[in-house]
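Structure first, commentary second.
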Amino acid sequence: MRDPYEVLGIQRGASKDEIKAAYRKLAKQYHPDMHVDNPLKDLAQEKFIEVQEAYDQLTNASSSSYNSSSYSSGSNTYSNSSSGSNFQTVRQYINFGNYQQAMYALDDINTRNGEWNFLMGVCYVNLGSAVKGMEFVKTAMRMEPNNIEYKNYLNQILNMQRAYQTRTYNYSRGGNSDLSCCTQLICADCCCEMMGGDLIPCC
Amino acid sequence: MFGYVNIDKAELKFREYYKYKGYYCGLCKNLKKSYSEFSRLTLNYDMTFLILILSSLYETEDKAVKKNCIVHPFKKQIIIQNEITDYASAMSVILSYYKSKDNWMDDKDLKSLMFSKIIQSNYKKATELYKEKEKFIKSSLDNIEKLEKAKSSDIDAVSNEFGNLMAEIMVYKKDHWEKILRRIGFFLGKYIYTIDAYLDMEEDKKNNSYNPFLLMNLGENEKESKSENELNKDKEYSLEQNLKTNINIDDYAREILMLNLSFLSEEIDKLPLIKDKGIIDNIIYSGIMSKLNKTKPNEKSLEIL
C-alpha cells in the first residue's frame, strides 16, 4: 500500500483540517459518478478507493480509542493454563466486535483476575457503559499494576476525555489562533516603536 | 426528542447564526409543505443538528430563499433546504407521533392524544417513505418502554436503546460512513436520554415517575441483584457495590455525560466535515452543554443571554 500522505498529496504531519480538505478535493475528482461514460472509469474507481483508504488510515476512522485493535497480540502470560485459552477466545470475540458474546464467555470463567477485569471493562465500555467499564479496568490495574496494556487502554480513554475538555474550555475563550494573532500584532507594534516607527498609531 | 442539542448563540458568528436558523426554518417549512401545519409543532433542535452533520458530510446542494412565515410575520426569514431536510422532517414526524402516543398512554394527557390523532395521517405518509426506519424506531421505543416498566435502574441499558434509535436515524445512506454515523448517533442518543433523565430527576421524584437515577439511589432492583449474585462468585468482584454505594448521583451523571460527549466528538472528528464546521463545533464544544451548565443556580442571571 502506498504512503497515505502521498496518496492525498500532503506533507507528513499535515493537520486534520488539511487532511480533510485534501480528501474532499480528490474524492470529488475521482468520484465514480463523475466518470460514468468514461474510458477511465475503472482507473478512477481504483483511485477513489485508494483515496478513501488513505483518509481512513490517517484519521483512524476504523478504530476508536475505546476499541483499539491492540488486543490482537494479547498477553500470553496465561496461555498455558486452561483459563488462558478461554481468555484467548474472549479476545477473539472482542477483536470481531462481538462484545456481548465476549461478555457471556467471561461470565463462564471463574478466574476473576486482572485479565478478567480488564476484558470485562473493555466489553462494558464498548457496549455503552463507559463509566462502569472504566471501573473494571481500574480494578485490573490494581491487581496487576505493571501491566502496560491495561494502563494504555485507560490512558487512551482519559486522554480523549481530557482533549475534549480542553477544547470545550478553550472554545468560548476565542481559541488559540485569534489570541496569537493579536499578540503578534502587539509585539510587532512594540518592535516598530522601539525603532522609532509605529504600527498601531493609537498605542 | 427534547431539544438539548442546541447552539451557543453568543459564540457564533452572525453569518453562522443565520445559516443555522436557515436550516431550522427550512425544516419547519418542509414539515408544513410535506405534512401539515400541525406537524410543525414537532420541530426541534436535535433534528437540526442531524441536518447540519449530514448536509456537511454529503455536501448537499442547498436551496436558500427569503420568505415570510407565521412564526415571524414581520421579518423575512432565510430558509435553507436540501434533500436531508426531507428526510429529517419524515423522521421528526414519526418520532413525535410515538412520543405523543406514549404521553397519552403514560400520563393520560388529552392534549397528547389529540395531537397524535391529528398527525396520524402524516405519520402514515412518513412511514410509507421510510418503512425500515419506522420499524426500527418502533422496536427501540418498545424496548425502552419494557425497561421503564421493569423499573430498570441501569441508566446505561435504557439510554443504549435510545442511542440505537438515533444511530439508525443518523444513517441516511448505507455507504462508507455508515459505521461512524452509527456511532455518532449512538452517543448522541445516549447523551440526550441521560441528560433528560438527569435534569428531570426533581420533577420525576415529585410525580413519582420513572427515572433510572432515582432508582439507582435506592439500590438495585431484584432482577438485577439476581444476576449480580451470579456474577459475585468471586470475592474480589465487589465493584458493583462500590459503585452503587460510594457515588454521588451528580458526579456519576456528569461523568457519564462528559464521557459520552468525548466519544461523540471523537467520532465526529473522523468525518471529513468542512462545510458549516464552525456551527458544528459550536454545538459540540459549547451549545450541547448549555442546559447542563444552566442547572447551577448561581448562574441563573446569565440565562437571558
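Protein chains in written order, with this note's numbering: chain S, 70 to 272; chain C, -15 to 289. Ideal Cβ placement from N, Cα and C applies to all residues, glycine included.
| query | result |
| --- | --- |
| Chain C contacts made by the region 124 to 136 of chain S, where a contact means CB separation under 8 Å | Tyr124, Thr128, Asn129, Ala130, Ser131, Ser133, Ser134, Tyr135 |
| Exposed unless 16 or more other CB atoms sit within 10 angstroms - verdict on Leu109(S) | exposed |
| Endpoints, alpha helix (DSSP H) assigned at Lys92(C) | Segment: none, Lys92(C) is in no alpha helix (DSSP H) and carries neither H nor E. |
| Option nearest Leu172(C) by Cα separation, candidates Asn28(C), Thr44(C), Leu257(C), Asn148(C) | Asn148(C) |
| Bridge partners - Ile64(C), DSSP secondary structure assignment | Ala48(C) |
| Contacting residues, own chain, Cβ-Cβ under 6 Å from Tyr19(C) (five flanking each side not counted) | Val77, Asn106 |
| Terminal residues of the alpha helix (DSSP H) in which Lys119(C) lies | 115 to 133 |
| Any non-hydrogen atom of the ligand ATP closer than 6 Å to Tyr19(C) Cβ | The model on display carries no ligand, and the ligand ATP is accordingly not part of it. |
| Residue burial classification, Glu87(S) (beta-carbon count within 10 angstroms, cutoff 16) | exposed |
| Enclosing alpha helix (DSSP H) for Ala(-6)(C) [first to last residue] | Counting along the chain, Ala(-6)(C) falls outside any alpha helix (DSSP H), and DSSP gives it neither H nor E. |
| Interfacial residues, the region 237 to 257 of chain C to chain S, with Cβ spacing under 8 Å | Glu239, Ile240, Met242, Leu243, Asn244, Leu245, Ser246, Phe247, Ser249, Glu250, Glu251, Asp253, Lys254, Pro256, Leu257 |
| Euclidean distance between Cα positions of Val245(C) and Val155(C) | According to the sequence provided, residue 245(C) is Leu. The question's Val does not apply to it. Near 19 Å, if we compare the C-alpha coordinates of Val155(C) and Leu245(C). |
| Helix, strand or coil at Met31(C) according to DSSP, with G and I counted as helix | helix |
| Assigned exposure category for Met70(S) - 16 Cβ within 10 Å defines buried | exposed |
| Residue environment, Phe205(S), which counts as buried when at least 16 other CB atoms sit within 10 Å | buried |
| Under 9 Å from the C-beta of Met273(C): neighbouring residues of chain S | Thr237 |
| Closest by C-alpha distance to Tyr173(S), when choosing among Leu188(S), Asn182(S), Arg93(S) | Leu188(S) |
| Coil, strand or helix - Met150(C) by DSSP | helix |
| Helix, strand or coil at Thr180(S) [DSSP, three-state] | coil |
| Under 7 Å between C-beta atoms of Asn87(C) and Ser96(C) | yes |
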